[in-house]
Amino acid sequence: MTILAVCAGLTAVRLAAVNRLDLALVLVVGAALLDGIDGRVARLMNATSKIGAELDSLADAINFGVVPALILSATLMSGHDLGWAIALVYCCAIILRLARFNTLTDDENAPGYTRDFFVGVPAPAAALIALGPVGLHQGLGDGWWSSFPAVGVWTLLAAFLAISRIPTSSLKATTKLSRSALAPALVIFAAAAALLVTYPYALMVAVIAAYLVHIPFAWWANRWVAARPEHWETLPAERRRHRRMTSKRRPILRKSQARLGLRRPPTGK
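Residues 1 to 269 in this note's numbering are what the sequence shown spells out, letter by letter.
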């Protein structure tokens, strides 16, 4: 699957060069999906190896570093020397992010909760964020969102998020849904499927926006569990349940009481 993902990414560059951006974006998304399942397939088939891990990192560097940089430099940043420099900065940021990911993965002394968070935005998500202006250009046409200054700043933002130490949620920690969340998840999945067929670029922008919105919540959840060693090895669902229970126990103060620092007197027995 790693080889298929690389072939999809390189084909996306070829399609972008002949102005077939719709198919190019589809292939980049397909490469991201293949990257998400190749590790699980290898574990199911008991075919994991050191060579496979190195090939996976190399494929990620090509698909989510080199390919988006070439697509952006050949389309929205074409004809700008500074655009090529920005594309190189993004590509280098993705490679550095992957190198740090491999280093953190080999750390056997890391607390258990670190498996539920990424350090920085993962490479597939950074590639999708960087290609957001291309999706807007395809869906809405020319505008400020497809101008060189806006695309350049947005690409640098994606590069910064990739190499930053901002915690983001791992998809592996959020795939298990409770029974109460199953029905809303099905509704969201049906709406996404409808948008994919009718307005694919609107779905792309919505996914990017939802991912960016989730980052402050992931940062807060990471700080919460880091300050409580007793929850380092518990599952994310159990942590969320504990946070809800502790928030319900917290006494509700009126604004005037909170402003004056007053607390309710204890009830007598």
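We treat Cβ as the ideally placed atom computed from N, Cα and C, and that holds for glycine.
With 16 other Cβ atoms within 10 Å as the buried cut-off, status of residue i
{"i": "F64", "result": "buried"}
{"i": "M245", "result": "exposed"}
{"i": "L4", "result": "exposed"}
{"i": "F217", "result": "exposed"}
{"i": "N19", "result": "exposed"}
{"i": "T2", "result": "buried"}
{"i": "L34", "result": "buried"}
Proximity of residue i and residue j at Cβ, strictly below 8 Å
{"i": "V6", "j": "A59", "result": "yes"}
{"i": "G135", "j": "Y201", "result": "yes"}
{"i": "A17", "j": "V28", "result": "no"}
{"i": "S169", "j": "H214", "result": "yes"}
{"i": "A32", "j": "P167", "result": "no"}
{"i": "G270", "j": "G152", "result": "Because residue 270 is not part of the residues shown, which for the chain are 1 to 269, the question remains open."}
{"i": "L76", "j": "P122", "result": "no"}
{"i": "L280", "j": "A87", "result": "With the chain covering 1 to 269 only, the question about residue 280 has no answer from this structure."}
{"i": "L186", "j": "L195", "result": "no"}
{"i": "I95", "j": "A61", "result": "yes"}
{"i": "G36", "j": "A8", "result": "no"}
Cβ-Cβ separation, residue j to residue i (assumed contact under 8 Å), whole Å
{"i": "N102", "j": "S57", "result": "6 Å"}
{"i": "R308", "j": "A162", "result": "Since the displayed the chain opens at 1 and closes at 269, residue 308 lies outside it and no answer follows."}
{"i": "D116", "j": "P229", "result": "Not confirmed; about 15 Å, so no contact."}
Cutoff 7 Å; reference residue i; Cβ partners in own chain excluding five residues on either side
{"i": "A158", "result": "Y90, A126, I129, A130"}
{"i": "S164", "result": "G120"}
Same chain, Cβ closer than 6 Å to residue i, five either side skipped, listed in chain order
{"i": "Y113", "result": "V225, W232"}
{"i": "P68", "result": "A127, A130, L131"}
Proximal residues to residue i (C-beta, below 8 Å), its chain only, five neighbours per side dropped
{"i": "L156", "result": "I86, V89, Y90"}
{"i": "E238", "result": "H231"}
{"i": "L15", "result": "L21, L23, A24, L27"}
Near the ligand ZN: residue i beta-carbon under 7 Å from a heavy atom
{"i": "P133", "result": "You won't find the ligand ZN in this model; it holds no ligand whatsoever."}
Which parts of the region 51-118 are runs of the alpha helix (DSSP H), unbroken and 4 residues or longer, counting only runs that do not cross its ends?
67-74, 81-105
Which whole runs of the beta strand (DSSP E) in the region 129-157 are 3 residues long or more, in chain order?
none
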